[in-house]
Each structure stands twice: as C-alpha cells, then as structure tokens.
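Residue numbers (our numbering), protein chains in the order written: chain V, 1 to 366; chain D, 367 to 733.
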C-alpha cells in the first residue's frame, strides 16, 4: 500500500498544477435500437451524446446540468469507462482511456470514481458496509487484511460515520448514511476525479445539505476534482466553479458559474433559470416565468438544426427563422470561458426574458 | 375563517400496524383549507404529509393503516365516520387527488380515453359519445392540441409530463371542491415541472377548486401556496402565510429547512444543514420529535410536545391566517439569519438521562 501511495505522489508531482485533469474531446456515444430476438437488426440509433467537449482542471468542480435524455449520465458513465465512446476521446491525466489495455486501465480508473444517485441500488444488499468499502481495496490488493480494516474505519470516519457501522447492512441505513457509504467507497482508492451523478437528488433537503457540505469538505481535504451531474441548477450552482448546460446530447452553453447565472446567453439556459422555483415568495411574486411548450425531443430522433428550436421561446418571438431548423449552431466562445451555441445571441442579449431572469436574480438583502 | 373551512382536519392521529410494531405516522395534525384556497404542506420523507392526505381521501392502506383518533371535517361532515359507499361518491367528485408518479396511477392496458371517460360515467348519467366528447375537451384544457387522437393512445405512449397532465384532467373532470396534489411535479424535469405547475394552479383558480399541495420543495411552495404548514415526524411544527413563513420563521425546524436549501442567488453562502436524522417513528413520540437535532431546545422539549399556538404576526390578508408554531423556545427574528440561538450563554438542553450530570455546567452560564 505504501509503495502504491508513493508512486502516486510522484505522478501528482510531475503534472502541472493548473493543467487539465480530464479532457472530453468531441465525445459521441450512440446506442443501437434493435429489433427481433433471433435475427437482431438495428433499426435506429439513440444519439445519447453527440459531440461533447469538456475540460476539467485539477481541483475544480464542473457542473453538468440537463434534463432527462440530455446525455449527462451517459457522459459520466463513459468517463468512468462503463460505456465505450462511439467517437471522440476521453483523456484522463494525459492518457486516452479508450486506448488502455485491461491491466493499465485498472490502475488509471482507480483514480476515477463515481458516486451514484441511488445508494440503495448501487450498494450490494448482501454485503456489510465494511465489506463494501473494503471491496475496492481488495480488488486492488492494497494492504493486508488488518491494514484494510484500519483503512475502512478511517474512511468511515472521513465521511462522518461511526466505525461500528462497518457491520451494518445497507437496508439498516438511512438514505443519507447510504450516500456516505457510497462516498467512502469511492474515496477508498484515493481518486483524483469523482464523478457524482445526481449524488444528492434523492435525499431530503436537510440531509442533502449535509452531503453537499461533506462533498465540499472532502474536496478540500483530498484535493478532489468533481464532475457534478445534476438536474437541479440551484444545487449545481452552489457547488460548481463552472457549468455546462446540456440539451439532447449537446452542450448548448458553458461558462463560469457566476457568468452563467448573471449573463446567460442561450435561450434554454434562460428558460431553465426562469423555471427554477426559488424559495423566496417575494421573488416568486414579482417574476414571470418562461414556460416552454412540449417535451424535450427524443435523442433517437433529434430535430435538425438547433435541437432546441422546437421549444425555443426566442425563435417564436423572431418569427421562426429558418436558420434554426437548417443550420446547427456551433458552440462559439463569447468571452473567456463562456461559450454559447445559438444563432441569435444578439437577440438573446436584448430580450426582455433575459432581463427578467437577471432582475429576479440577486435576492434583496434581508 | 369567517365561514367554516372547506376541509378541517382536527387532531388527526394515524397509526400503522407492522410486524415490527406500531408506526406513529401522524400524531395529532390539525389543518384547515378554505374554499378555493391553496395551502402547502411541506415536510421531508416520513413527516406524515402523504399519510395525512391519504387519510383525508380515506385511502390509507388497509388493514395496516388506521385513523386512531381525530376528525376530518369536509364541508362539516366527518369523513372518518362516513361509510365507504358514500366516500366513493365523494372521491373524484368533491375531493380528488393527483399523485407523484402518474405511470403507476394510470392503468397501462387501458386507453387514455377510456380512463378519462370512466370517471365521468361513474359519477354522472352520461352517454358514451357525450363522455368521449367531454374527455376530449378535458384533454384540450390541459394542453393537448389534437385531443381526439390522444384518446386512443395508451399511457406508455405519453411522456411523464403528458401523463401528469392527463391525471390533472381526470382529477378536475368533475370540478371537485378540493384537489390534493401529492408531489405532483417531483418526478418531472424542471421545464416540464414549470408547465405542470402553471396548469395546476391556473385550472384550480379558474374552477375555484381548493388546492392542498404537498411538496418537499420550498421553491414550489413560495411560488404557489398562500399558506404553508410545515410537518415533521407526524406533527405540524409551524403554519403561517407564505410570505411570513419565509421572512419570519419561528420554529427551529423551519429555520433549519430554509437554511438547507441552496438558493440559486446566494452561491458561496455555506449551507447550514440540520445535523442528525429524523426520528424512528416506531418509537412512541416523547416530547418534541425535533429536540435531538435542535439548537434551541430547552429541558421541557425532551418531555413535552408543545402545542401549536399563535406566535403573533400573521397578515391582514384574511381571517385564519395567523402564524402558529409548536415550540417551547421559538426562534427570534435576529436569530433566523445566524441559524443559532443568540441569547448569551444559551446551551441546548441535554437529554434527560444526561441532564443531572450536565445541569451544573448549564446553570453556570450567565443569564
């Protein structure tokens, strides 16, 4: 175990501190839709992720926001190698993950961990908490039995659980406790990147706040980098340094957190900001909501051109310009770190809807 | 209330019999909903908010769940004492309900059209073709452009948001006087949630239907409810007009809840979660159930559940809108922002077992 740690420390030292930890380059993940049992044939493709580029620097938290079918979970799972990219690359600490052979992959992916939404289904119900946290240590042959037991105890303490929890089973734990176990397990191999997929979405508000604070403390203590995937923009905003907004498998806007909030430029981002109910009746009373019509399109049949055009409030206001239907908007940088994929950013800028979202923004100081 | 409230729940106690023992799900809840009013019921899992609403509907899972005591007065009639046959006439017609998961509330093997017409034909003398016509109108009201075509489709052919709109159409088909919506938008995406919420609020307003909205989401409450009741471990902890509850919460649990929500506008402000976890409802409640997690607790909190009493305030919006909290040591306005008691030397009272040893330590504190 000691050797392993030293080797890792050396690797950390070699890397530039402000470099990219993870680069997702033009990633596409498509799933075939098949029909028939004996003679399986592909009758279509779900374009779950379609050309996504993301860059995560060491020590930062990048938020990935989107609704069901936006591809956010697929991106997370592809990063931890649960899915294989159809095209594009995932480069982690300088290594292309897809090119790795099994043995090498095991070493790399140890530093790439995932925390899932539902800790009840991601923990084995027949495995005690201790065993569950021990499992990754065992697989990676880190230490003797006694050393591993001590490490499990230490990990339980790290996530705020008493050592006696090691003998409990998942069904005996509350949702918050289970999520802590999931975190302890993810931390067991001292990862540098943790992909948190809706890690707090299933929890009650008061427990959710506990886990968010825990995530932030762990990040400081262990120099963790987070990819924080969630549908709740308020939670994502709270925890993230930068945010990428996904719609039907593509990034429509990405920006530093405050910029995205104060200066949103994609009609979808503005609609999202407008839709989030705020826990403040005064703000709710004076603001108007953009209510999008219809449902997000199916990633099996994404609309041509801009994928948001079928629901876009701005396009309706502009008299449904043809360009939105025919031409795919490129993700263009508008200021350092802020990129938007919309043909009509100037019109967005001058829109009353955007002004309304921004005015409703800062809450009156109490 | 000047007139009798439409729904008046009085000291409702609900118990569940389980192999492990009795579960104390609801422990004396009182709640009023006036005609046409929108009341929010907030609480976390296990707080008893859904059980309360199921009791009102007479839909507690039998035989495990039962109303142990209390009254549920709907328009003056105690629903607990009404025979099941009469309740069935009431349900759907006078009181109806929308649940969180529309897929499990809809029958997967029957078309949408048949399911919508079923409720019309069960309560009204109406011919098949008239019922179909009405069903199509209803679907149009909840925002389906080509309603006739939708009637022959099955629930799985609809998205989550569409299914919930169908549920709303069915729930409001007979213009009920009270609609109970239990986490109606929780399973939906943010933009769809906004659609469904707008529909729900707009339609109930137009029909004059009272809405009892159950949700864990304080943002939704802020948007929709006129009055809010906060539940915890089967008790109503605080009730107030919406604006007042958010601006001047008095119960420590409400304060904790408000401080736990990451507001999109104040990034960087550390969340102040409530430490600990909700109590085990298999234990009969002794004292205030929130005491073990409460920073404001005093000695009597461990032994005696405080009654829900007016704490002053409330607005001139109308009668019955007073602000009440069930707390021995309510939070003051100055303490809300810091989320901690400000009185110098205040120490949360230790649990009774430890009280004798710690008593000397606390008494040393300056008054």
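Virtual Cβ for every residue (Gly too), placed ideally from N, Cα, C.
CA-to-CA distance, residue j to residue i, given in whole angstroms
{"i": "residue 552/D", "j": "residue 391/D", "result": "22 angstroms"}
{"i": "residue 491/D", "j": "residue 406/D", "result": "35 angstroms"}
{"i": "residue 472/D", "j": "residue 533/D", "result": "8 angstroms"}
{"i": "residue 451/D", "j": "residue 422/D", "result": "15 angstroms"}
{"i": "residue 52/V", "j": "residue 84/V", "result": "14 angstroms"}
{"i": "residue 479/D", "j": "residue 548/D", "result": "24 angstroms"}
{"i": "residue 346/V", "j": "residue 62/V", "result": "27 angstroms"}
{"i": "residue 371/V", "j": "residue 659/D", "result": "The question about residue 371/V has no answer, for chain V in this structure spans 1 to 366."}
{"i": "residue 537/D", "j": "residue 605/D", "result": "27 angstroms"}
{"i": "residue 562/D", "j": "residue 67/V", "result": "15 angstroms"}
{"i": "residue 528/D", "j": "residue 90/V", "result": "37 angstroms"}
{"i": "residue 424/D", "j": "residue 460/D", "result": "13 angstroms"}
{"i": "residue 311/V", "j": "residue 333/V", "result": "24 angstroms"}
{"i": "residue 653/D", "j": "residue 645/D", "result": "12 angstroms"}
{"i": "residue 682/D", "j": "residue 558/D", "result": "Unreliable positioning characterises residue 682/D in this predicted model, as indicated by a pLDDT of 47, which lies under 50. The coordinate reading is nonetheless provided below. Distance between the alpha carbons of residue 682/D and residue 558/D: 35 angstroms."}
{"i": "residue 103/V", "j": "residue 132/V", "result": "22 angstroms"}
{"i": "residue 21/V", "j": "residue 64/V", "result": "16 angstroms"}
{"i": "residue 684/D", "j": "residue 550/D", "result": "With a pLDDT of only 48 at residue 684/D, under 50, the local geometry of the prediction cannot be trusted, and no value is derived from it."}
{"i": "residue 619/D", "j": "residue 603/D", "result": "8 angstroms"}
{"i": "residue 190/V", "j": "residue 111/V", "result": "6 angstroms"}
{"i": "residue 212/V", "j": "residue 706/D", "result": "20 angstroms"}
{"i": "residue 495/D", "j": "residue 297/V", "result": "34 angstroms"}
{"i": "residue 723/D", "j": "residue 160/V", "result": "Caution applies to residue 723/D, whose pLDDT of 47 falls short of 50 and renders its modelled position unreliable; the value that the coordinates give is listed next. Each residue's Cα considered, the two are about 27 angstroms apart."}
{"i": "residue 231/V", "j": "residue 198/V", "result": "7 angstroms"}
Contacts of residue i in chain D (Cβ-Cβ under 8 angstroms)
{"i": "residue 176/V", "result": "643"}
{"i": "residue 209/V", "result": "625, 626, 627, 628, 637, 638, 639, 640"}
{"i": "residue 272/V", "result": "556, 557"}
{"i": "residue 327/V", "result": "Under the 8 angstroms cutoff, chain D gives no residues; its nearest Cβ is about 24 angstroms from residue 327/V."}
{"i": "residue 213/V", "result": "636, 637, 639"}
Chain D contact residues for residue i, given Cβ-Cβ distances below 7 angstroms
{"i": "residue 277/V", "result": "583, 585, 586, 588, 589"}
{"i": "residue 284/V", "result": "588, 589"}
Element boundaries [alpha helix (DSSP H), containing residue i]
{"i": "residue 587/D", "result": "584-590"}
{"i": "residue 238/V", "result": "233-239"}
{"i": "residue 272/V", "result": "267-275"}
{"i": "residue 162/V", "result": "Unbroken run through residue 162/V: none, as it is neither H nor E."}
{"i": "residue 222/V", "result": "205-222"}
{"i": "residue 612/D", "result": "608-613"}
{"i": "residue 388/D", "result": "Premise fails: residue 388/D lies in the beta strand (DSSP E), 387-399, not in any alpha helix (DSSP H)."}
{"i": "residue 570/D", "result": "556-573"}
{"i": "residue 78/V", "result": "72-79"}
{"i": "residue 453/D", "result": "450-456"}
{"i": "residue 418/D", "result": "415-423"}
Chain-ordered chain V contacts of residue i [CB-CB under 8 angstroms]
{"i": "residue 555/D", "result": "67, 68, 231, 296"}
{"i": "residue 525/D", "result": "295"}
{"i": "residue 564/D", "result": "289, 291"}
Contact set between residue i and chain D, taken where Cβ atoms lie within less than 9 angstroms
{"i": "residue 292/V", "result": "557, 558, 560, 561"}
Expected contact under 8 angstroms - CB spacing of residue i and residue j to nearest Å
{"i": "residue 565/D", "j": "residue 508/D", "result": "6 angstroms"}
{"i": "residue 575/D", "j": "residue 545/D", "result": "5 angstroms"}
{"i": "residue 464/D", "j": "residue 535/D", "result": "Residue 464/D to residue 535/D, Cβ: 10 angstroms. No contact."}
{"i": "residue 656/D", "j": "residue 598/D", "result": "6 angstroms"}
{"i": "residue 673/D", "j": "residue 692/D", "result": "6 angstroms"}
{"i": "residue 337/V", "j": "residue 244/V", "result": "With a Cβ gap of about 11 angstroms, residue 337/V and residue 244/V do not count as contacting."}
{"i": "residue 624/D", "j": "residue 404/D", "result": "Contact doesn't hold; Cβ gap of about 20 angstroms is too wide."}
Amino acids of chain V, ordered along the chain, whose beta-carbon sits closer than 7 angstroms to that of residue i
{"i": "residue 411/D", "result": "204"}
{"i": "residue 608/D", "result": "281"}
N- and C-terminal bounds of the beta strand (DSSP E) containing residue i
{"i": "residue 384/D", "result": "373-384"}
{"i": "residue 25/V", "result": "20-35"}
{"i": "residue 256/V", "result": "250-256"}
{"i": "residue 551/D", "result": "No beta strand (DSSP E) contains residue 551/D, which DSSP labels as neither H nor E."}
{"i": "residue 52/V", "result": "41-57"}
{"i": "residue 378/V", "result": "Residue 378/V falls outside the range modelled here, since chain V spans only 1 to 366, and no answer is possible."}
{"i": "residue 576/D", "result": "576-581"}
Residue i Cβ short of 7 angstroms to the ligand ZN heavy atom set
{"i": "residue 403/D", "result": "No copy of the ligand ZN appears in this structure; indeed no ligand is present at all."}
Name the residues in the region 608-622 of chain D whose C-beta lies less than 7 angstroms from a C-beta of chain V; which are they? Answer in chain order: 608, 609, 612, 622.
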